[in-house]
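**Q** Numbering of the sequence shown is given in our numbering, commencing with residue 1259 and proceeding in unit increments. Glycine is no exception: its CB is placed at the ideal position from the N, C-alpha and C atoms. Below: one structure in structure tokens.
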Amino acid sequence: MKKPKKTEDPAPGLFGAASTSAPEPQKRSKCFFSFSYSKMALYEECPLKYKFKYVDKIKEEPKYYFAFGHSIHHALEFLYAVKAPPFPAVGEVLEAFRKDWNLKSCLEKGYKDPAKADGDYQKGLEMLSAYYRHHDGRFKLPFLLEYGADVEVDGMVVRIIADKIEYLGKGELALVDYKTGKDVRRRPDQLHMYQKICELDPRLRERVHEVYGDKVPVLRIKQMLYYHVPTLKEYAFDRAEDAEIGVFWERALGVAENIRAARFDPSPGERQCAWCDYKKLCPHFCGGEERRPAAAPEAEAVGELVDSYGRLREKLDEMSARAEELKARIISLADGAEVLAGKEYELNIKRVEKTEFRNREAVIAALNEFDLYQKALGLTIKNITALMSDPSVPEAAREKLLRLAGKSRVFDLIPRKKT
Ligand code: SF4
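This is the structure we're talking about:
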């Protein structure tokens, strides 16, 4: 591709105009703020993440999905990068994919599991073969591939890289952006950025003139589409209206303003934090673990548990009082029966004779009189009744205790569900 010549006229911009006298590249970086759609998207995702990446320049871990997308883009670029048909055969496209894939090791690409890398490699081959079959015989020479432009606008140098640009004639262009990730509904924001910058880009007009001989005063983006390579689906968008581009550009300028003002507060969220490599540096996280903002939510949780327990106990008390009431009525009506039946349940009624000592002081005096207090090992009914049948205890003591003991009958009702 020939290098574009320097421009003479600025293209009329919708909102802001491209600068006519571009400073030298080395001066640019000092006075112009460099911006792009990916910077804008990252800032909107989390300003602090943006700072770590672009201000502090802390490298992120390689991401395998970027490596995969890169190799697919490379193979598609190879397919279309011919001066004139014929286009490369499918085997050559797959070979271009293989070569790019093998430039880096699994780890360099970001794969921790080599099996996953192998799987993705196969997936890439299948994806490209399917793409080739789907378009075979209909390949068209594009105007530009991987077109990179740095356009000065509103005090910024805005960079775009368009995967494929087609010239439709009469100053009209179509943009294609390949996607290789999940097939999700995407907003056309990125395409809006491309539309604005392409239409402001004076060099693009020069290229149209060079390649097609059309000297057009303005370029217009007529169609834009996201092409989802894994599913061969095209998500086409019409040219955005001026008002739509205006709203988008206001948003972009707002982001740029925040970056210039160094507003980099973290904006934590499940999606952005899940893939963030800066957790260890992020104040929202502590040593890679998410910091609970305050004890308040936990305290709230404890309060809820206390209330639930209280409500449950209240219910249980009510239910046991009701059960005791029913038990008393059943016993009063049992008339010596050992089993009673309802429609769903049967009740086994157990009657147990229980020893009890109503006069506690008298029991203590009796135990002390016969020096048995220690032997009783505490004033439990079980221990005292055991003394009464212990042959080593003097008979007088046993008789005294026996006289102090009373008997009561206790009922135990054991329910069983009928089968
Ligand atoms: S961990 Fe989350 S909040 Fe912190 S920088 Fe990363 S994305 Fe932002």
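#1: What residues does the ligand SF4 have around it, judged by CB closer than 5 Å to any heavy atom, in chain order?
#2: Determine the DSSP secondary structure at V1340, reduced to helix, strand or coil.
#3: Going by C-alpha to C-alpha distance, which of L1386, A1375, P1673 sits closest to P1346?
#4: Please report whether the beta-carbon of N1617 lies at a distance below 8 Å from any beta-carbon of chain D.
#5: Measuring only from the beta carbon, is A1299 closer than 7 Å to any heavy atom that is part of the ligand MG?
#6: Going by C-alpha distance, which of T1438, D1565, A1510, L1591 is nearest S1292?
#7: Three-state secondary structure (DSSP) at R1667?
#8: Given a threshold of 16 other Cβ atoms within 10 Å of its Cβ, counted over all protein chains shown, does K1357 qualify as buried or as exposed?
#9: Tell whether a beta-carbon distance below 8 Å holds between H1450 and A1498.
#10: Going straight from the alpha carbon of F1397 to that of W1533, what length do you get?
#11: Between Y1493 and R1444, how many whole angstroms is the CB-CB distance? I'm expecting something under 8 Å.
#12: Residues in its own chain within less than 6 Å of K1665 by CB, not counting five upstream and five downstream?
#13: Please classify R1688: is it buried, with 16 or more other beta-carbons within 10 angstroms of its beta-carbon, or exposed?
#14: Quick check on the DSSP output: what are the complete alpha helix (DSSP H) runs of length 4 or more inside the region 1460 to 1534, in order along the chain?
**A** Let me spell this out:
#1: A distance filter of 5 Å between CB atoms and the heavy atoms of the ligand SF4 selects the following residues in sequence order: C1304, L1306, K1307, P1524, P1526, Q1530, C1531, C1534, Y1536, K1537, C1540, H1542.
#2: DSSP, reduced to helix, strand and coil, places V1340 outside both helices and strands of the structure shown, so it counts as coil.
#3: For P1346, the nearest C-alpha among the options comes from L1386.
#4: Protein chains in the displayed structure number just one, and chain D is not present.
#5: For the ligand MG, the structure offers nothing, since it holds only the ligand SF4.
#6: Of the listed residues, the one whose Cα sits closest to S1292 is A1510.
#7: Here R1667 sits in strand by DSSP.
#8: By the 10 Å Cβ count, K1357 comes out exposed.
#9: Yes, they are a contact pair.
#10: For F1397 and W1533, the gap between their C-alpha atoms comes out near 37 Å.
#11: With a Cβ gap of about 7 Å, Y1493 and R1444 count as contacting.
#12: For K1665, where only same-chain residues beyond five positions count, the Cβ hits under 6 Å are E1611.
#13: Nothing about residue 1688 can be read from this structure; the chain reaches only from 1259 to 1677.
#14: Complete alpha helix (DSSP H) runs here, min 4: 1460 to 1470, 1500 to 1518, 1528 to 1532.
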